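Student:
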Amino acid sequence: MGCSLALTLVSFLICLFQFTPCASSVHPLCRSDERLALLLFKDSLSVNKEASADPFAYPKADGWKFQGVDCCYWDGIECDHNTGRVTALDLSSSCLYGSINSTSSLFRLVHLRKLNLADNDFNSSEIPSGLGNLLMLTYLNLSNSVFSGEIPLQISWLSRLTSLDLSNEVDLECPDFRSLIQNLTSLKHLHLSRVIVSSPLPSILVNLSSLSTLDLSHCGLLGELPTYIFQLPNIQFLDVSNNLHLTGTLPATFSSRRLKSLSMSFTSISGVLSASIGSLDSLEFLDVTACKFGGSLPSSLGNLTKLTGLALQNNSFSGDVPSSLSNLTRMGFLSLGINKFNLDAIPSWFANFNKLHELHLPSCRIKGPIPSFLANLTQLVVLDLNQNQFSGRFPVGIANLTQLKSLSLGSNMLDGAFPDSIFGLQNLEMLEIYSNRLSGRVEMDQFMRLKHLTVLYLSSNNLTLLSESEISPNTSSLPMFNELGLGSCNLRQFPNLLRDQNQLAYLDLSGSPPIPSISIMVYLASNNSFTGEIPRSFCSMASLRVLDLSRNNLSGIVPQCLSKVSKSLSVLNLHVNNFHGPIPQAWMSGNKLKMINLGQNKLKGELPRSMVMCRMLEFLDIGNNQIRDTWPFWLGSLPELKILILRSNRFHGEIKSGEFDSVFPKLRVIDVSNNVFTGLLPSSYLESWTAMKRFHVEHLSYMQTNLYDHMFIAGLTIPDEYNYSMTMTNKGIKMEYTKILEVFMAIDLSCNEFRGEIPESVGNLKGLQLLNLSNNLLVGQIPSVIGNLTSLEALDLSHNQFAGRIPWQLRQLNFLEVFNVSYNNLSGPIPQGRQFDTFPNTSFDGNLGLCGNPLSKKCEELRSSPPPSSSTFEENQGFGLEWRGVLFGFGIGLLVGTGFGCVVVTRNLKWFATTFRIRLARMPKH
């Protein structure tokens, strides 16, 4: 027995030292050819710590060595225990940078079953077609790895795939979705979020009977969502959100009972939520935010007792919120805002939601005090009650919500003192209490206690904000703000806290002194009484996109360097101040300026020709200054210019077109009134202003500039547009256009010294709504072609030397509200009927030869001059045409009326409707 044991021990030691496979349990080594392939693949890429977003990312391949440890033990490698072949390669979040071509040594690993290269940076290269060689693959993940171009169809050869993830590749295209998936019938998980598909869903999807996860969000899907998607027997997670052109309805019944998550937000899917949705008893998450659903909510929603998230915001749901929802005690997320619910108060059964983390009830028309039971929802992280009618004192119980990160109570009617209990919410990151009736003093240093606060809106209350220098000189402990709204907070002096704010992206100091911060992108400080000069520090604000200092008492010379900061600047608005001296001269080539408003100042000199460098300019207002110059014909070469206002200056001479092939091709509004222009009316311009030649019914939107072409800042609520505004005399009244519809078109050449007749070409400008040629030296007859301007609402030809009769064709102007031909030499009968029955005597004063209503002078020859024979057709057919016009005009007038009017300037900015669970739709903070 002893000899036998000794022999066994000797044999084992011999095997151990000779490295011979004497026992079946010893695994084979990694194959040398595959080890070489791995090393070559590693060497073809570089390591860059910025290439991976995961905070725990590290370069896994750094430990791979040619000598030493078996490659099966390398980080990220798995091998087959029997053959030693590499079967899995996981280099996700490995800080890899570079590109992979189709001849890469990676594709020699033909026994790979799992390949994960997610969260790296492959430098916008194409996905290599060599992946088609890896026919054993069952798992492929290339998500978040900066690939671009088209998905190679060779991926469709990988018929064993059960999981494919190509998501979040924003420049990746899938031109043939059907061909990509036709062979992948074993798929269980398909993630293509943000891949550009831009086509309807193919019917072949019905063959993927094993599919449990389908993520096609942000794919540009078209057509209808096929209902068979909901019949897939194993589907559990379905996300088609953020496909704005995806239509369709939910099925009347659901055959699959396994569905756990359904996301359809930001699509055009419509209809109602049928009672059958209550049969989805496995459902944990339902998101239909910003769709087109309507009708009442079915009480069967209360059957979904596993539901943890319900997002119904921004639809047209109506009726009562069913009390059966009180059964959903696992609810962690609930949004019901921006609907038509009968929700006068927050139902008391909301108190059952003691696990709620987020509650969104904006724009629900809820009245009365904020209910005290909300203070018992101690797990709340986000509470959004913006845009309601809550009244009374600020709820003291909110101090119990110590987990709160976001508190939004803006645009309500809360009153009383600013609550000190706010400063006990140590986790607060966003606080919105704008547009309430809060009063009293708020000490700025109190906000030092809120270390995480980055968004603060206190604007439009009755608060007095004491800046830190009035209390304490220490500002270094204040939080770093991204957005700060302190408008109308009665600041007594410059808030020194802004000097240390180097992360500000949005600042509203309306009613407070403007202090520049170098990081600011949007700077609004209009409608105040600021004095002094513009600090030159504005010129060093490289990120500045909007500078609005309009309607103040600022003076001095406009800094010349502002014409150079325009590399980033889109909007420069210095309207209504006391600036003097010349307009900045050196406008740079390649600038991004779309709006320049220097109107109503005391600027002198000539209009700088370097403005022709502003090739993106859409709006230019130099009106009400002291500019002395000839007609700036060179502005006609600006391809995007829509609004040109030069009124009330000292421009002189004739208006000539210069030597350009295209002159003002997009011009919609021109106002050169109150100057000293002479000569004939510019007939060549009237012929070339093509934008005015038709009514642009497809452009029922406002003139504005979009501030960000492709920019999204996660977590911020920066407005993405700036509405143009102007002052103009319309219908005899000086009107403030706080918004300007794209369809609004106007010509004002009044109060100059134009001579001659009105050119016939004016009859081609059929989109005109306002034409003012008053107070000139025009002669001849009023051309009958003005009757073609069927959109005209105001026509002023007064104080000229027109003779002859008023053309009967002007009766065709069904929308004409103001008509003035006073103080001319007109004679004969005034046209009768239609709009002419509404004009007062003053419209015809100073024309001794006119007769007929509304004048007291009767016409002696009413029967001697019948209208042309075409009027017979007009009288027979005009009724139908006239009423169709009136009905059309009513619709357009309603839209125009909402944007126009003699009102106090208010800014109505549209805010980002951000991605679900990051931030829901936000409202203006005024």
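For the sequence shown, the positions run -25 to -1, 1 to 901 when mature numbering (1 follows the signal peptide of the UniProt record, and there is no 0) is used. All residues carry an ideal CB built from backbone N, CA and C; glycine is no exception. Owing to the predicted nature of the structure, the values given are computational and were not obtained by experimental measurement.
Whole angstroms is fine: what's the gap from Ala265's alpha carbon to Asp29's?
Tutor: Within the sequence shown, the letter at position 290 stands for residue 265. Within the sequence shown, the letter at position 54 stands for residue 29. Roughly 31 Å separates the two Cα atoms.
Student: Can you give the Cα-Cα distance for Leu276 and Met455, rounded to whole angstroms?
Tutor: What you label residue 276 is simply residue 301 of the sequence shown in a count that begins at 1. What you label residue 455 is simply residue 480 of the sequence shown in a count that begins at 1. Approximately 43 Å, taken between the alpha carbons.
Student: Inspect the CB distances between the stretch 552 to 566 and the stretch 605 to 616 and report whether three or more fall short of 8 Å.
Tutor: Result no; under three Cβ-Cβ pairs closer than 8 Å.
Student: Assuming contact is defined by CB atoms lying nearer than 8 Å, are Gly762 and Gln784 in contact in what I supplied?
Tutor: Sequence index remark: in the sequence shown, residue 762 carries index 787 (1-based). Sequence index remark: in the sequence shown, residue 784 carries index 809 (1-based). Cβ distance < 8 Å, so Gly762 and Gln784 count as in contact.
Student: What residue range is occupied by the uninterrupted alpha helix (DSSP H) comprising Ala12?
Tutor: Translated into the one-based positions of the sequence shown, residue 12 becomes position 37. Element bounds for Ala12: Ser7 to Asp18.
Student: So Arg153 is in the alpha helix (DSSP H); what residue range does that whole segment cover?
Tutor: Taking the sequence shown and counting its residues from 1, one reaches residue 153 at position 178. Here the alpha helix (DSSP H) through Arg153 covers Phe152 to Ile156.
Student: Quick one: grab the DSSP three-state call for Ser123.
Tutor: By one-based count along the sequence shown, residue 123 stands at place 148. Correct three-state label for Ser123: strand.
Student: Can you tell me which of the three DSSP states Arg603 falls into?
Tutor: On the sequence shown, position 628 is the one that residue 603 refers to. Coil, per DSSP.
Student: Three or more C-beta pairs under 8 Å: does that hold for the stretch 735 to 743 against the stretch 694 to 712?
Tutor: Because the criterion of three Cβ pairs below 8 Å is not met, the stretch 735 to 743 and the stretch 694 to 712 do not touch.
Student: So, Glu768 versus Phe790, is the Cβ gap smaller than 8 Å?
Tutor: Mapped onto the sequence shown, residue 768 falls at position 793. Mapped onto the sequence shown, residue 790 falls at position 815. For Glu768 and Phe790, yes; Cβs fall inside 8 Å.
Student: Determine the DSSP secondary structure at Thr704, reduced to helix, strand or coil.
Tutor: Start at 1 with the first residue of the sequence shown, and residue 704 comes out as number 729. Note: Thr704 maps to strand in three-state DSSP.
Student: If you reduce the DSSP assignment to three classes, tell me which class Phe729 lands in.
Tutor: Position 754 of the sequence shown, counted from the first residue, corresponds to residue 729. In the structure shown, Phe729 sits in a strand (DSSP, three-state: E or B).
Student: Kindly indicate the opening and closing residues of the alpha helix (DSSP H) around Ser658.
Tutor: Taking the first residue of the sequence shown as 1, we reach residue 658 at position 683. Where Ser658 is concerned, the enclosing alpha helix (DSSP H) stretches over Ser658 to Ser663.
Student: Between which two residues does the beta strand (DSSP E) holding Cys826 run?
Tutor: Position 851 of the sequence shown, counted from the start, is the residue given in the question as residue 826. Here the beta strand (DSSP E) through Cys826 covers Gly824 to Cys826.
Student: Where does Asn698 sit, in a helix, a strand or coil, going by DSSP?
Tutor: Indexing the sequence shown from 1 puts residue 698 at position 723. In the structure shown, Asn698 sits in a strand (DSSP, three-state: E or B).
Student: Whole beta strand (DSSP E) runs in the stretch 220 to 303 with 3 or more residues, listed along the chain?
Tutor: DSSP runs (the beta strand (DSSP E)) wholly in the stretch 220 to 303: 236 to 238, 260 to 262, 267 to 271, 284 to 286 and 291 to 294.
Student: Closest to Arg520 by C-alpha separation, out of Tyr481, Asp475 and Val296, would be which residue?
Tutor: Position 545 of the sequence shown, counted from the start, is the residue given in the question as residue 520. For the residues Tyr481, Asp475 and Val296, the minimum Cα distance to Arg520 belongs to Tyr481.
Student: Going straight from the alpha carbon of Cys834 to that of Gly827, what length do you get?
Tutor: Residue mapping note: residue 834 aligns to position 859 of the sequence shown, counting from 1. Residue mapping note: residue 827 aligns to position 852 of the sequence shown, counting from 1. If I take the Cα positions, the gap works out to 6 Å.
Student: Express the C-alpha separation of Glu404 and Ile52 in angstroms, rounding to a whole number.
Tutor: The residue given as residue 52 occupies position 77 in the sequence shown. The residue given as residue 404 occupies position 429 in the sequence shown. For Ile52 and Glu404, the distance between alpha carbons rounds to 42 Å.
Student: According to DSSP, simplified to helix, strand and coil, what is Val85?
Tutor: Position 110 of the sequence shown, counted from the start, is the residue given in the question as residue 85. Here Val85 sits in coil by DSSP.
Student: Write down every uninterrupted run of the beta strand (DSSP E) in the stretch 377 to 402 whose length is 3 residues or greater and which is fully enclosed by it, in chain order.
Tutor: Counting only runs of 3 or more, we get 381 to 383 and 388 to 392.
Student: Quick check on this structure: which residue in Leu642, Arg135, Phe777 and Glu662 has the alpha carbon closest to the alpha carbon of Met720?
Tutor: To locate residue 720, count along the sequence shown from 1; it is residue 745. Of the candidates Leu642, Arg135, Phe777 and Glu662, the one whose C-alpha sits nearest the C-alpha of Met720 is Leu642.
Student: Entirely within the stretch 552 to 629 and at least 3 residues each: give me those beta strand (DSSP E) ranges in chain order.
Tutor: Correct list: 553 to 556, 570 to 572, 577 to 580, 594 to 596, 618 to 620 and 627 to 629.
Student: Please classify Tyr712 as buried or exposed, where buried requires at least 16 other C-beta atoms within 10 Å of its C-beta.
Tutor: By 1-based counting over the sequence shown, the position of residue 712 is 737. It is buried - the Cβ of Tyr712 has at least 16 other Cβ atoms within 10 Å.
Student: Can you look up Asn681 in the DSSP assignment and give me helix, strand or coil?
Tutor: Here residue 681 is taken as the residue at index 706 of the sequence shown, counted from 1. Strand at Asn681.
Student: Determine contact between the stretch 318 to 331 and the stretch 370 to 387, defined as no fewer than three beta-carbon pairs at a distance below 8 Å.
Tutor: Counting Cβ pairs under 8 Å, fewer than three are found: no touch.
Student: Along the chain, where does the beta strand (DSSP E) that runs through Tyr432 open and close?
Tutor: Within the sequence shown, the letter at position 457 stands for residue 432. Segment Val430 to Tyr432, the beta strand (DSSP E) holding Tyr432.
Student: What's the gap between the Cα of Gly707 and the Cα of Asn387?
Tutor: Sequence index remark: in the sequence shown, residue 707 carries index 732 (1-based). Sequence index remark: in the sequence shown, residue 387 carries index 412 (1-based). The alpha-carbon atoms of Gly707 and Asn387 are separated by roughly 38 Å.
Student: Between Leu309 and Leu331, is the Cβ-Cβ spacing less than 8 Å?
Tutor: Translated into the one-based positions of the sequence shown, residue 309 becomes position 334. Translated into the one-based positions of the sequence shown, residue 331 becomes position 356. It is a contact, given that the beta carbons lie within the stated cut-off.
Student: Bridge partners for His166 per DSSP, in chain order?
Tutor: As a working mapping, residue 166 is identified with position 191 in the sequence shown. BP columns for His166 point to Asp140 and Asp190.
Student: Compute the Euclidean distance between the alpha carbons of Ser184 and Ser257, then round it to the nearest angstrom.
Tutor: By 1-based counting over the sequence shown, the position of residue 184 is 209. By 1-based counting over the sequence shown, the position of residue 257 is 282. Cα to Cα, Ser184 sits roughly 19 Å from Ser257.
Student: Looking at Leu748: is its Cβ nearer than 8 Å to the Cβ of Asp771?
Tutor: As a first step, residue 748 is located in the sequence shown; it is residue number 773 there, counting from the start. As a first step, residue 771 is located in the sequence shown; it is residue number 796 there, counting from the start. Yes. Within cutoff.
Student: Whole angstroms are fine: how far does the CA of Gln787 sit from the CA of Phe865?
Tutor: Walking along the sequence shown from the start, residue 865 turns up at place 890. Walking along the sequence shown from the start, residue 787 turns up at place 812. Bear in mind that a pLDDT of 35 at Phe865, under 50, signals an unreliable position, so the number given afterwards is only what the model happens to contain. Computed Cα separation, rounded: 16 Å.
Student: Within this structure, are the beta carbons of Ser168 and Asn143 separated by less than 8 Å?
Tutor: Position 193 of the sequence shown, counting from 1, holds the residue named residue 168. Position 168 of the sequence shown, counting from 1, holds the residue named residue 143. It is a contact, given that the beta carbons lie within the stated cut-off.
Student: Which class does Gln478 belong to by DSSP, given the choice of helix, strand or coil?
Tutor: Looking up residue 478 in the sequence shown gives position 503. The answer is coil: DSSP assigns Gln478 none of H, G, I, E or B.
Student: Ser447: buried (16+ other C-beta within 10 angstroms of its C-beta) or exposed?
Tutor: Here residue 447 corresponds to residue number 472 of the sequence shown, with the count starting at 1. Because the pLDDT at Ser447 is just 47, under 50, the model does not fix this residue reliably, and the point stays unresolved.
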